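There are 2 protein chains.
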Amino acid sequence: MVTYQDDMLDAVFNALGNPTRRQILLRLRDGFEVPASTLAEPFPISLPGFTKHLRSLQRAGLIGQRKQGRERLYWLLPEPLEIANRWLDEYEAFWHTRLDSLNAHLRKQRLDEG
Amino acid sequence: MVTYQDDMLDAVFNALGNPTRRQILLRLRDGFEVPASTLAEPFPISLPGFTKHLRSLQRAGLIGQRKQGRERLYWLLPEPLEIANRWLDEYEAFWHTRLDSLNAHLRKQRLDEG
DNA sequence: ACTATACTAAACCACATGGTTACCTATCAG
DNA sequence: CTGATAGGTAACCATGTGGTTTAGTATAGT
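Line by line, the protein sequences are chains A and B. Position 46 (the first sequence) corresponds to 306 in the working numbering; numbering is contiguous. Position 30 (the second sequence) corresponds to 290 in the working numbering; numbering is contiguous.
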């Protein structure tokens with residue numbers, strides 16, 4: 261079963277699966293608008309290479325953009341992160357309540373069986 | 261700054277960025293061990309194609325594996341999901357407390373400035 | 001009007017990814 | 001021992017990704 265949210269989750273998780281893009285999001289975490297060049301400054305890659313990461317984040321709906329003069333300002337859109345977080349939360353019960361007892365059980369079982 | 265956890269987060273988020281792999285994890289969410297062929301059964305791809313997804317999940321540390329007879333059993337390892345969840349939690353304060361007020365502020369500011 | 005700035009766009013490249021088919025290995029059943 | 005079953009490995013292919021360089025556009029400053 262493929263849900264309507266699958267494309268969204270694909271885009272968000274793939275966007276998060278890159279350290280440059282995660283750093284961009286961290287930089288925007290305080291909620292301010294930041295121009296592209298300022299965002300790009302810490303990274304040792306070309307500007308065209310960098311703006312590809314911005315496009316990826318935009319496709320995932322993770323950042324907003326507007327033009328101001330010759331600058332382009334970006335800001336964080338946290339909604340997709342919240343959706344990703346909700347997907348992960350489906351496992352929270354598992355890792356909190358089952359982790360100790362069940363894994364211990366399986367570990368023992370595996371040892372017993374070889 | 262690239263932390264020692266970056267490779268881990270890359271692997272986990274990239275593993276999650278695919279609907280087939282997310283479904284595998286859902287299938288394993290109840291904590292039981294499931295043989296490869298049973299896991300593969302719902303998916304309309306070849307078995308070698310499918311086992312590549314299992315390798316991807318193993319590289320991310322998301323599943324464990326053991327051989328039992330001629331079957332290979334897989335089970336969920338939730339720790340990496342917890343780490344990913346903790347990374348996302350860094351934004352939780354933002355989307356809960358700032359979302360309404362700050363975004364409203366920025367939206368107004370953008371309207372004001374054109 | 002001219003020049004510098006802040007990007008964007010396009011073409012290219014190497015490598016990764018997600019799929020395939022063909023083949024191999026290990027185990028179970030008779 | 002033989003055949004079927006479970007699954008892994010290798011080679012291949014098309015497409016995507018993350019980077020580059022080169023060139024272009026729009027705005028600001030003088």
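For every residue, glycine included, the Cβ atom is placed at its ideal position computed from N, Cα and C. All figures in this text were calculated on a predicted structure; none of them were measured in a lab.
Contacting residues, own chain, Cβ-Cβ under 6 angstroms from residue i (five flanking each side not counted)
i               : result
V272 of chain B : A320, P340, A344
E331 of chain A : P295
Y351 of chain B : none
Contacts around residue i, its chain only, beta-carbon distance under 7 angstroms, and the 5 residues preceding and following it disregarded
i               : result
I284 of chain A : L299, H313, L317
R287 of chain B : V294, L299
P308 of chain A : none
R289 of chain A : L336
T280 of chain B : F303, H313
A275 of chain B : R281, S316, L317, A320, L322
R326 of chain B : L333
D267 of chain A : none
F310 of chain B : A300, F303
D349 of chain B : none
S297 of chain A : none
Range covered by the beta strand (DSSP E) that runs through residue i
i               : result
L288 of chain A : Here L288 of chain A belongs to no beta strand (DSSP E), and DSSP marks it neither H nor E.
Cross-strand partners of residue i (DSSP beta bridge)
i               : result
G324 of chain A : A:W335
P295 of chain A : A:L333
Host alpha helix (DSSP H) of residue i (start-end)
i               : result
P308 of chain A : 307-319
N274 of chain B : 266-276
Residue burial classification, residue i (beta-carbon count within 10 angstroms, cutoff 16)
i               : result
G277 of chain A : buried
A353 of chain B : exposed
R282 of chain B : buried
L371 of chain A : For L371 of chain A, the predicted model reports a pLDDT of 48, less than 50, meaning its position is unreliable; a value from the coordinates is still stated below. Exposed.
Same chain, Cβ closer than 8 angstroms to residue i, neighbours up to 5 away in sequence not counted
i               : result
L337 of chain B : G321, L322, I323, G324
G291 of chain A : W335, L336
L423 of chain A : What the structure shows of chain A is the stretch from 261 to 374, and residue 423 of chain A is not part of that stretch, so it cannot be assessed.
I305 of chain A : T280
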